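Notes to accompany the following structure.
There are 2 protein chains.
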Amino acid sequence: MNYIKNPGKIEEESFRIIESEMGEHNFGERELKIVKRVIHTTADFEYKDLLYIREGAIDAAITLLKKGGITIYADTNMITAGISKKMLNALNCKVISYVRDEEIAAIAKEKGITRSMAGIEKAVSEGIEFFLFGNAPTALYKLKELIEEKKAAPKFVVAAPVGFVGAAQSKEDFEKLPVPMITVRGRKGGSTVTTAIVNALLYML
Amino acid sequence: MNYIKNPGKIEEESFRIIESEMGEHNFGERELKIVKRVIHTTADFEYKDLLYIREGAIDAAITLLKKGGITIYADTNMITAGISKKMLNALNCKVISYVRDEEIAAIAKEKGITRSMAGIEKAVSEGIEFFLFGNAPTALYKLKELIEEKKAAPKFVVAAPVGFVGAAQSKEDFEKLPVPMITVRGRKGGSTVTTAIVNALLYML
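Heads up: the protein sequence lines correspond to chains A and B, in order.
With the first letter of the first sequence counted as 1, position 73 gets the number 59 in my numbering; the numbers rise by one all the way through.
With the first letter of the second sequence counted as 1, position 106 gets the number 92 in my numbering; the numbers rise by one all the way through.
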């Protein structure tokens, strides 16, 4: 059958189509790479208007990744599965999630909180400074609490929980903190969006 | 802080909001469960008009899952990470992907095809009959070829590759086959959408 079988060519052509259809914008070169990769992952041009990339956030993420040897915390196993291991390994970095951890499930039950929240508490206690949220508003609120209590000081956050209860509000509240961040405003977001943002950052290196 | 921390309550309230906002539709009770879970995962109501659930497809999937002991093939590791292991294990079923397999990478290179295509060839050769596509049009075309050559006869397929090159066409072409299937028409789809469809089916059991 006659279809493009070269993944590199498919991606190149996809980005060309996205650029030609996305219309006017004010994104810089690096911002545009993130926006295009998110649209590539979702086929949803609305992300052009929903993505908020704080000034300095890309530099903050790249500095951490380039330094190497860091652990990134994600609130879903879909994110840990989706981020390019080849590139992370080359940087001696790794991405983990505690959300399916048995110990975390027990702690969450005991405290009457979500596993997502208990996972954040553990990650912060381990000194992790790079956080990815594609699912859980409760986890994002937990990180916000820990920042306000001066117990956490993340150096880079992707805040993209998706959904109808708490997601938009959690992101709006989190955005008020002076943290280097990339967020998706409103209800949209999710694990594939968060993964696309991180992979776009990795491809910049 | 004052926010809902009970995941069950969050989901219940989310589904209530989705139902109240989605407007008129002709979905039956089970179809509606799938549509609502996809909207829940994406916060994108357009899926209401993009999802195609073939008559008999839900029964086909449920029959396979209930029989138990089956292996499901997915074209991404994000899908294998996202599907509820608790429910799959209870049914003695599992979900796998060969897309990051070293052996598959070598075969793909040798044949000049994508790893996604080589993964499908291996899965078919192992007698797998339940396929999930959230990423690769080339993999979906490969399964179509194998069906037309009478080398494959899948009993249930979720066809939801996302993207700008080949995705929409691959799904439109695949839809012409008389296979029990759920597809997402047009460019949209992706791993989270495919995962939501399968989890909705699992929750019906």
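Beta carbons: idealized from backbone N, C-alpha and C, even for Gly.
The model shown is predicted, which means the values in this text are computed figures rather than measured ones.
Annotation: the continuous alpha helix (DSSP H) that includes residue 189(B) extends over 177 to 190.
For residue 124(A), no beta strand (DSSP E) run applies; the uninterrupted alpha helix (DSSP H) run containing it begins and ends at 123 to 134, by DSSP. Scanning chain A for C-beta atoms nearer than 7 Å to the C-beta of residue 9(B) yields nothing, as the closest lies near 15 Å away.
Measuring C-alpha to C-alpha distances from residue 170(B) to each of -2(B), 33(B), 46(B) and 4(B) identifies 33(B) as the nearest. In the three-state reduction of the DSSP assignment, residue 64(B) falls in the helix class, which pools H, G and I. Proximity of residue 83(B) to chain A, defined by a Cβ-Cβ separation below 7 Å, is not satisfied. Beta bridge pairing from DSSP links residue 145(B) with 119(B) and 169(B). Here the alpha carbons of residue 191(B) and residue 48(B) stand approximately 7 Å from one another. Taking a Cβ-Cβ cut-off of 9 Å, residue 108(A) has no neighbours in chain B, whose nearest Cβ is about 17 Å from it. Contacts with chain B at 7 Å (Cβ-Cβ) include residue 3(A).
The residue from 87(A), 113(A) and 98(A) with its alpha-carbon nearest to that of residue 105(A) is 87(A). The criterion of a C-beta distance shorter than 7 Å is satisfied by residue 141(B) and residue 46(B). Each residue's CA atom was taken as its position, placing residue 59(B) and residue 127(A) some 36 Å apart.
Residue 148(A) has its alpha-carbon roughly 18 Å from the corresponding atom of residue 20(A).
Cα atoms of residue 186(A) and residue 23(A): separation of roughly 6 Å, rounded to the nearest angstrom. At a cut-off of 7 Å between beta carbons, residue 112(B) makes no contact with chain A.
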